[in-house]
Structure formats: C-alpha cells, structure tokens
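There are 2 protein chains.
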Amino acid sequence: MSAAREESRLAGREALTAPVEDYLKAIYAIGKGTGAAATNEIAQRLALAPASVSGMVRRLAEQGLLAYERYHGVKLTESGRRAALRTLRRHRIIEAYLAEALGYPWDRVHQEAERLEHAASDELVDRMAATIGEPEVDPHGAPIPTRDGAVDETEYRSLADMNVGAAGSVVRVADEDPEMLRYLAELAIVPGKRVTVKARAPYDGPITVSVGRQELSIGPALAAQVLVAPIADRAGKRG
Amino acid sequence: MSAAREESRLAGREALTAPVEDYLKAIYAIGKGTGAAATNEIAQRLALAPASVSGMVRRLAEQGLLAYERYHGVKLTESGRRAALRTLRRHRIIEAYLAEALGYPWDRVHQEAERLEHAASDELVDRMAATIGEPEVDPHGAPIPTRDGAVDETEYRSLADMNVGAAGSVVRVADEDPEMLRYLAELAIVPGKRVTVKARAPYDGPITVSVGRQELSIGPALAAQVLVAPIADRAGKRG
DNA sequence: GCAAAAAGTTAGGCGATACTAACTTATTTG
DNA sequence: CAAATAAGTTAGTATCGCCTAACTTTTTGC
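Protein chains in written order, with the numbering used here: chain A, 1 to 239; chain B, 240 to 478.
And the structure:
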C-alpha cells in the first residue's frame, strides 16, 4: 500500500527515502555544495557498485534533484542542494544533541546520527537544537546549516598543508572513523585547540605539531583529516 | 550491496527490518502477548491488504518468529515475543523521553516514536531511559518492558466497563489518536487521576464521570479507551 | 593520435514488501 | 446441514534499491 508508505514519511518534507537522502549527502560532500560528483566517487562513498549509482542517479535526475549527463557525472540542482542541506542539518544537530544532552562520546555520534537523520522529524530536530542552545557546529566542528539552508562554506587548510612555523586553531576533524577520533582525542587534537607546525619530515614523513604544551608527531594521512583556521602568528613569522 | 544493508542495521539485534518490527508489534498487541492474531486484524492494524499479511506471515514463520497454520492465524513464538517487546521498549522509552526531556506534547510522541523506534540503537534507548530516571510507563501510562523482556501485563478495566458508583485511578489511555489525547487532556482524564462513575445512560449512552471536582459526560467509545485501576471505595459501596 | 586503462552504462536478476483479482476454506445462519 | 458470508490464500505484478557481467565511452600515456 503506497498510502502507508506515504504516511510513514515525514510531514513537511517531500518524502525522500533514506537511500535518496544518502545519495544527496554524498554528492553534496563530494561537490562541496556546488561542484560535480563522479559516479565512482559516489559509489565508493556509499559502498555501492558503480552500476547501482548509475541507476539511482538517473532517477534522481528525473525527480529534478540533480543534473546528470551520461558519462559526465552529476551536480545537485538547487532543489537537490536544499534537500542535502536539510539532511545535513538533521545529522549535525542530532550529533550535537547526542553529545551534549546524552553524554555520547564523540566517536560514536556519527554512526547513531546516520540512522536517526532519516527518521527524525523537523520538530524533533528543532527541539533538540533549542534544548542545547542552537549550536553552530557539531561535535567534530562541522557547521550546521540553518533552517533556511545557509551554511558556512569556508574552506580551511588541513594540518597537512600548513607550513612549518604556521599556527592555527583546530576547527574541524573528519567524523566517520571512531578509532581515529579516539586517537585524536587522546592527542588533544580537538576543535578549539591551538596548534603549531614545528617540523615536517620529507617524503611524506611525519609532521611534528605542538598542541598545548605537548609536542607530537603524526602521519600526513591523519594530519589531512584535521582542518585548521590560521592564526596570525604573534611572533610575526607567517602561515 | 547486502553488506551495506547489514551495516545499516543495529549492532546487537538480529537486524529486523522496520516492517517486520511493525508486524511483530501488531501481533503482540492483538494477542496481548500470548494469544493468537487473525490475518485480517493484523492487516487492519497495519493498514495493509490481507493478502500482504499472508505473505509476510509465512516469511516470519520461516524465520521462527511466529507459529502459523494456514487459515488459522498466527501466534508469536518466544523469539518473536522477545523481539516485539524489544521494539515496544524502544517505542515507549522514546515516547517518555520526548515528553520529559524535549517537552513534546503527549498527543505527538506516539507518531514520532513510531519512526524512531526502528532507528534508535540500544545504547541510545538506554541512555534516554537513564537520563529521565528509568521510567516504568510511557506518557500514556503503558508499561515499559525491561531490558530482559519482562512487562507488567496486568489487565485493567476500561471506564466503559465500570459499574455506576465505582471509583478508580486512571492508569492508561490509548495512545494513537492525537485529537482524542488532546480532548482527554482537556477533560483532565490523564494517568494518575481519580475518577468515579456517577451514571450511565442506557442504550450505549453517555457515561457521567467525576474527575477531581468536575463532573463530565463522555461517550462509551471514548470511555473504552481509558483504563482504570479500581480503588476500594472509601464509602464502602463496591466497584 | 591511437591503444590501453579507467570510468561509466546497460542488461538481466534478486529480495523485500506491497498491491489486485481470483480462488479456497471456515464460519454463520436460516 | 446447506447456502451464504466472512476470512484467508494463491497467483501474478509492481517498485525500490541493490547486484554481476558485459559492453561503451572517455581519458591517459606513449
């Protein structure tokens, strides 16, 4: 009964299914909001076969959620972008709420939010946001889109791209890998912390960073997952 | 990719789909835990065609969740009953949490919980329960099953079945119809309230009830939705 | 600038879950 | 107790979202 299907969806939204919301989120993430996304990239991010993506992408294009040209990847339409941002808002508010209100550790909020984002109503998400004081970022520092679809799209440099001597403030870390998040927490590399790149070994070697009064060495793969806002160095060098 | 399917499900549970959980809940509700449920009743409760129920019920029987004999309805197995109670626990804790922690009005918690119960992890549900002090009933007075599958199965009399003169304490009201819940709240017929049946008109006529210092008249259909625990009448009449 | 490699698509299927229409079994009732 | 009615099932189909295998288009690299 398709009536039951309909009514199981959420009032006020155009009843996108969970898989559709996941595709839109993935395409948004790949295209950073406005760019194009390749079939294989979408497939990899969603852990699906490329052929499945071809099929779904055609359907989403028919629904007007994205622009698709065979063999040339896809781009979100304005409507698709809005839908992606609604899901992203849900996801990040849920993450923030789980951490703030329910004491969830930051390495597990992502996984839980990944499921709840498809089931939570606008009302619930808004109540969560209000309860924890309308946060602007999630526990990993990712910006939360507003109700009307605005997001801070500032692009930050990763710790891996900073020059030696440059200082900055950690604004955001990748949120998907729990083990990595636990490790970063251990190192005290969390949003808000001030970091300075002390050295970098050649040939993709480890990067030495000072965080607080500690100095530590991390691999470039990990450093790439940490985004930093530059801070004008008080000593007058340059970042 | 069935791997993605798997991983989208919840750790620690045997990965029942949302429809399956809904069937089990419905069958549990109809059979009051141990009795049998008729195909048509299940169909009606889930707003599905009877033919769809026949199909699903066969599959659930193959999975060992229920005992099924063609043309003679179904009964939950022990495993099915446990699964139903797990879902019920989720549902009711979520309802209680929404009301307590997020200020949800009692007429809307059911609908929201109906979706969240399929997406929330055990950890989330347990954290919610802990946060609001391990409630024993949901906002409508329905008992919350414990983690190990025990529920209070006391059967109460409805207001429609009470003798004139009988007094009692409202323990539970039906939870699905928001409009009815708003009306009951208006009348102050909510769990915990003391009620006395003052009169009942013949031919299925209205029932006059005193609640607090008010006296009001409600139809038998509404009265049937209100469950009451008898209170030994202080004046010595009888219930 | 063409052949090899990479990327993407189509074709053909599958499992879940639902539907309608037609049929069978059970129950009720005169 | 037989006919009428109610309840339940089977058969055949659809949609969604996914898969693999085989094919086509685009890109890359000599």
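We put the CB at the ideal spot given by N, CA and C, even for glycine.
Exercise for the section: Pull up the distance between the alpha-carbon of I371 (chain B) and that of K75 (chain A), whole angstroms please. Expected result: 45 Å
Problem - 9 Å Cβ cutoff, E123 (chain A) in contact with chain B - result: yes
Exercise for the section: List the residues that DSSP assigns as beta-bridge partners of E454 (chain B). Expected result: B:S449
Exercise for the section: Say whether chain B places a C-beta atom closer than 9 Å to the C-beta of E112 (chain A). Expected result: yes
Exercise for the section: Classify T196 (chain A) as buried or exposed, calling it buried when 16 or more other Cβ atoms lie within 10 Å of its own Cβ. Expected result: buried
Practice task
Say whether the stretch 79 to 89 of chain A touches the stretch 309 to 326 of chain B, bearing in mind that this needs 3 or more beta-carbon pairs closer than 8 Å, one atom from each stretch.
Solution key: no
Exercise for the section: Just mark D443 (chain B) as buried or exposed, buried being the case when its beta carbon has 16 or more other beta carbons within 10 Å. Expected result: exposed
Handout entry: Closer than 9 Å to chain A by CB, T326 (chain B)
Key = no
Exercise for the section: Measure the C-alpha to C-alpha separation of S291 (chain B) and I269 (chain B) and round it to an integer number of angstroms. Expected result: 18 Å
Problem - Start and end residues, alpha helix (DSSP H) containing A462 (chain B) - result: 459 to 462
Problem - Interface residues of chain B facing L16 (chain A) [CB-CB closer than 7 Å] - result: Within 7 Å Cβ-Cβ: nothing; L16 (chain A) doesn't reach chain B, min ~14 Å.
Handout entry: Range of the contiguous alpha helix (DSSP H) that encloses R147 (chain A)
Key = Premise fails: R147 (chain A) is in no alpha helix (DSSP H) and is neither H nor E.
Exercise for the section: Taking Y71 (chain A) as the reference, give the member of A:H91, A:L88, A:A36, A:A101 with the closest Cα. Expected result: A:A36
Exercise for the section: Note down, in chain order, every chain B residue with its Cβ under 9 Å from the Cβ of G133 (chain A). Expected result: Result: empty, since nearest Cβ-Cβ is about 14 Å, beyond 9 Å.
Handout entry: Contact check, V429 (chain B) vs V467 (chain B), beta carbons under 9 Å
Key = no
Practice task
Keeping to the same chain, check which residues put their C-beta closer than 6 Å to that of L398 (chain B); ignore five residues upstream and five downstream.
Solution key: A462, V465, V467
Practice task
Please name the residues in the stretch 94 to 106 of chain A whose beta-carbon is closer than 9 Å to at least one beta-carbon of chain B, in chain order.
Solution key: L98, A101, L102, G103, Y104
Practice task
Classify R108 (chain A) as helix, strand or coil using the three-state DSSP reduction.
Solution key: coil
Problem - Where H357 (chain B) meets chain A, residues with beta-carbon distance less than 9 Å - result: R115, A119
Practice task
Have a look at the DSSP bridge pairing and note the partners of S397 (chain B).
Solution key: B:L466
Problem - Nearest neighbour of A188 (chain A), chosen from A:A166, A:S217, A:E176 [CA to CA] - result: A:S217
Problem - Unbroken beta strand (DSSP E) run spanning R366 (chain B), endpoints - result: It is not in any beta strand (DSSP E) - R366 (chain B) instead sits in the alpha helix (DSSP H) that spans 361 to 370.
Exercise for the section: Check Y23 (chain A) in the structure and name its three-state DSSP category. Expected result: helix
Handout entry: Contact list for M295 (chain B) against chain A, beta-carbon separation under 9 Å
Key = What M295 (chain B) touches in chain A: nothing, since even the nearest Cβ is about 13 Å away.
Practice task
Could you check what DSSP says for T435 (chain B) in three-state terms: helix, strand or coil?
Solution key: strand
Handout entry: From B:D416, B:P441, B:I332, B:L327, residue whose alpha carbon lies closest to that of L459 (chain B)
Key = In the sequence under discussion, the amino acid at residue 459 (chain B) is Pro, which differs from the Leu named in the question. The shortest Cα separation from P459 (chain B) among B:D416, B:P441, B:I332, B:L327 belongs to B:P441.
Exercise for the section: Establish whether the CB of R366 (chain B) and some CB of chain A are separated by less than 9 Å. Expected result: yes
Problem - Status (buried if at least 16 other CB within 10 Å, exposed otherwise) for A142 (chain A) - result: buried
Handout entry: Selected residue, minimal CA-CA separation from E241 (chain A), among A:H91, A:M56, A:D177, A:P230
Key = Any answer about residue 241 (chain A) is impossible in this case: the structure gives chain A only from 1 up to 239.
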